[in-house]
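K.L.:
In our numbering, the protein residues as written are 416 to 685.
#1: In the DSSP assignment, the beta strand (DSSP E) including residue 485 goes from what residue to what residue?
#2: Taking residue 586 and residue 549 to be in contact with their CB atoms under 8 Å, please state how far apart those CB atoms are, rounded to whole angstroms.
#3: Measuring only the C-alpha atoms, how far is residue 595 from residue 449?
#4: For residue 475, write down the residues that DSSP places opposite it in a beta bridge.
#5: Report the CB separation of residue 399 from residue 502 in whole angstroms; it is logged as a contact under 8 Å.
#6: What is the C-beta distance between residue 672 and residue 422, in whole angstroms, given that I count them as a contact (C-beta under 8 Å)?
#7: When you compare each of 483, 577, 475 to residue 588 by their alpha carbons, which one comes out closest?
#8: How big is the Cα-Cα spacing for residue 500 and residue 476?
#9: Kindly list the residues whose CB is nearer than 7 Å to the CB of residue 616, restricted to its own chain and excluding five residues on each side of it in sequence; keep chain order.
#10: Under the three-state reduction of DSSP, which class applies to residue 439: helix, strand or coil?
#11: Would you kindly work out how many angstroms separate the C-alpha atoms of residue 629 and residue 570, rounded to a whole number?
#12: Along the chain, where does the alpha helix (DSSP H) that runs through residue 548 open and close?
#13: Whole-angstrom Cβ separation of residue 436 and residue 495, contact assumed at under 8 Å?
#14: Name the residue from 532, 439, 481, 424 whose alpha carbon lies nearest to the alpha carbon of residue 445.
#15: Within 10 Å of its beta-carbon, does residue 682 have 16 or more other beta-carbons around it, so buried, or fewer, so exposed?
#16: Going by the CB atoms, is the gap between residue 555 and residue 580 shorter than 7 Å?
#17: Look at the alpha carbon of residue 646 and the alpha carbon of residue 668, and state the distance between them as a whole number of angstroms.
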């Protein structure tokens, strides 16, 4: 989304879960989580929209990049925000994403590839620039493939994969940078992706967003310790998946995440 085009919320923000302690929403692609002086033209934000819907203050406890859609959690008090922050530090959250990438990803695996901290020229102008790369780990598994009879670059057809992802660390743009490192960049990524394939999706599918969804989040309730599972929708990507013959049933993705990212299987393979 261009900085010259302010985000417009076409329909009410979808609440996935709410109790007296926290609330989870399905953040649309292109919507900023909160106000930022880097995007002064924007007037619509998740945090303020949710506050107005609930009639109470909300406390952000994690973030999603502006072009990424999916599960976003807010605390309803500073004490709960602190507890949720501690959970993340102790790696008690399990996050699962879906991405559409260029090419046929042949097999799954775990990428352990340190990432140098990305600094913003304005927001981080006083930050150190000589830091060592930070540890970053991502598990990935291909789910579906499609070949489109559309010439792109020097090839007669375009190939894409639907990939399930589990980030084990939370570095800035980690999934986008890791998939680009694997040579399977996410479609719609204007920073780390392939411009020819981004243009193909705009031209043939009128798809102008980053094809990355924070699909599911599992965490212990900060007060009751009950396991909570929040799942975001495919939303405007559902017709695209339908065209490709890919599943749109929520149960399919729940089953895939549970089977493919079972911790015991990964510990044996590492």
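Even for Gly, the Cβ is constructed at its ideal location relative to N, Cα and C.
P.N.:
In brief:
#1: 484 to 490
#2: 6 Å
#3: 27 Å
#4: 489
#5: In the structure as shown, the chain begins at 416 and stops at 685. Residue 399 is therefore absent and cannot be evaluated.
#6: Not quite, the Cβ-Cβ distance comes to about 29 Å (not below 8 Å), so this is no contact.
#7: 483
#8: 6 Å
#9: 602, 603, 622
#10: strand
#11: 31 Å
#12: Looking at the DSSP string, residue 548 is not in any alpha helix (DSSP H), and its letter there is neither H nor E.
#13: 5 Å
#14: 481
#15: exposed
#16: yes
#17: 9 Å
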